[in-house]
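**Student:** Taking my numbering as reference, the numbering of the sequence shown is continuous, increasing by one, and the terminal residue is 1678.
Let me begin by handing over the structure; questions about it come next.
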Amino acid sequence: MKIARFSTEGEAPQFGIVDADHLVVLTGDPMYHGFATTGERVPLAQARILAPVIPRSKVVCVGMNYAAHAAEMGHDVAETPLIFMKPNTAVIGPGEPIILPPVEGRITHEGELVIVIGAIAKRVKPEDWKDVVFGYTIGNDVSARDVMFADGQWARAKGYDTFAPIGPYIETDLDPTNLEIETFVDGELRRKGNTNDFIHSIPDIIAFITDAWTLLPGDIIMTGTPNGLGGFVDGQTVEIHIEGLGVLSNPAKNRDDRLDPA
């Protein structure tokens, strides 16, 4: 089933099950309260769809998880997953603007399948990986590419506010092993791949990450992007399509109007 986090005018965020063109409202966060419903139905047209989850502690990312992307970036295929983190303050939802920081060089898109963790996870065995997965969504590992090279590490370049768009929904019933991923900028195809080309499988990724870091319910893992390079600029829109999950769309802006309304 598809789970949405949404708001309506004047109301606090709620969770709902997507049922055609309506949301069946849940009594609370389904990770903690299950799928009990209030009996209320909200038309999708009247709801603002938010980031489906705000990670309690961290956004974990896997770099170079497609051989073709590693090759175009000049990296060897790693024997173990290359992992790094973004702060949870980087997370935004569908339709929210990616704010471009005032830095030199390209800002790039990286459309990715995202794992949503649903249980406390520490040293999870590969065969037990499903026990800690709540579902899947779409993510964009936005990167300030030239900052990555200038800094010699990735924390700043990938951690700017708004650099982790996710959504629109969490799908709880999905086979993640053979999904087409496409990234478009203003309708132009920029990246294309399939999760069957992962270098490191989802069971191995979860086992490797949880050997180092405890994952909490609501934490997310971005699993890597297929090949295809290219940046985007102010006024353009990035769309990521993953079969079974829909479309994540975010415009790019040079200024955050929330902070600078003038």
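Glycine included, each C-beta is placed from N, C-alpha and C at the ideal position.
Tell me the DSSP secondary structure of glycine 1555 in three-state form.
**Tutor:** Of the three classes helix, strand and coil, the one that applies to glycine 1555 here is strand, per DSSP.
**Student:** With a Cβ-Cβ cutoff of 8 Å, do threonine 1653 and aspartate 1602 count as a contact?
**Tutor:** A contact, by the Cβ cut-off of 8 Å.
**Student:** With the cut-off set at 8 Å, would you say isoleucine 1465 and proline 1592 are in Cβ contact?
**Tutor:** Not in contact: isoleucine 1465 and proline 1592 (Cβ atoms no closer than 8 Å).
**Student:** Counting along the chain, where does the beta strand (DSSP E) carrying arginine 1457 start and finish?
**Tutor:** Unbroken beta strand (DSSP E) run through arginine 1457: 1453-1459.
**Student:** If you run the structure through DSSP and keep just helix, strand and coil, what is isoleucine 1622?
**Tutor:** Note: isoleucine 1622 maps to helix in three-state DSSP.
**Student:** What are the boundary residues of the beta strand (DSSP E) that valine 1649 is part of?
**Tutor:** Per DSSP, valine 1649 belongs to no beta strand (DSSP E) and is neither H nor E.
**Student:** With distance defined between alpha-carbon atoms, name the residue in Asp1650, Met1417, Val1441 and Leu1631 nearest to valine 1540.
**Tutor:** Nearest of Asp1650, Met1417, Val1441 and Leu1631 to valine 1540, Cα basis: Leu1631.
**Student:** Touching or not, the region 1495-1502 and the region 1438-1454, by the rule of three or more beta carbon pairs under 8 Å?
**Tutor:** Result no; under three Cβ-Cβ pairs closer than 8 Å.
**Student:** How far does the alpha helix (DSSP H) with lysine 1574 in it reach, from first residue to last?
**Tutor:** Lysine 1574 -> alpha helix (DSSP H) spans 1571-1575.
**Student:** Expressed to the nearest angstrom, what Euclidean distance is found between the alpha-carbon atoms of valine 1532 and isoleucine 1419?
**Tutor:** Rounded to the nearest angstrom, the two C-alpha atoms are 12 Å apart.
**Student:** So the candidates are Phe1431, Ala1483 and Thr1496; which of them puts its Cα closest to the Cα of aspartate 1627?
**Tutor:** Taking only the C-alpha atoms, the option nearest aspartate 1627 is Thr1496.
**Student:** Sort Gly1555, Arg1522 and Pro1518 by Cα distance to arginine 1671 and report the nearest one.
**Tutor:** The option with the nearest alpha carbon to arginine 1671 is Pro1518.
**Student:** Around the C-beta of glycine 1534, are 16 or more other C-beta atoms found within 10 angstroms, so that it is buried, or is it exposed?
**Tutor:** Answer is buried; the Cβ neighbour count reaches 16.
**Student:** Quick one, are the C-beta atoms of aspartate 1557 and threonine 1641 less than 8 Å apart?
**Tutor:** Contact flag set, yes.
**Student:** Reducing DSSP to helix, strand and coil, say where alanine 1566 ends up.
**Tutor:** Three-state DSSP puts alanine 1566 in a helix.
**Student:** Express the C-alpha separation of proline 1542 and aspartate 1577 in angstroms, rounding to a whole number.
**Tutor:** Roughly 32 Å separates the two Cα atoms.
**Student:** So the beta strand (DSSP E) histidine 1657 belongs to, where does it begin and stop?
**Tutor:** Note, histidine 1657: beta strand (DSSP E), 1653-1658.
**Student:** Count the other C-beta atoms from every protein chain shown that fall within 10 angstroms of the C-beta of alanine 1537, then say buried if there are 16 or more, exposed otherwise.
**Tutor:** It is buried - the Cβ of alanine 1537 has at least 16 other Cβ atoms within 10 Å.
**Student:** Indicate the three-state DSSP secondary structure (helix, strand or coil) for histidine 1616 in the structure shown.
**Tutor:** In the structure shown, histidine 1616 sits in coil (DSSP, three-state: anything other than H, G, I, E or B).
**Student:** Ends of the alpha helix (DSSP H) at histidine 1449?
**Tutor:** Segment 1446-1449, the alpha helix (DSSP H) holding histidine 1449.
**Student:** What whole-angstrom Cβ distance do glycine 1644 and lysine 1669 have, given they're in contact under 8 Å?
**Tutor:** Glycine 1644 to lysine 1669, Cβ: 23 Å. No contact.
**Student:** Could you give the C-beta distance for threonine 1553 and proline 1468, rounded to a whole number, given that I count them as a contact under 8 Å?
**Tutor:** Correct: roughly 5 Å between the Cβ atoms.
**Student:** According to DSSP, aspartate 1435 sits in a beta bridge with which residue or residues?
**Tutor:** DSSP lists His1438 as partners of aspartate 1435.
**Student:** Residues bridged to glycine 1662 by DSSP?
**Tutor:** Paired residues: Ile1658.
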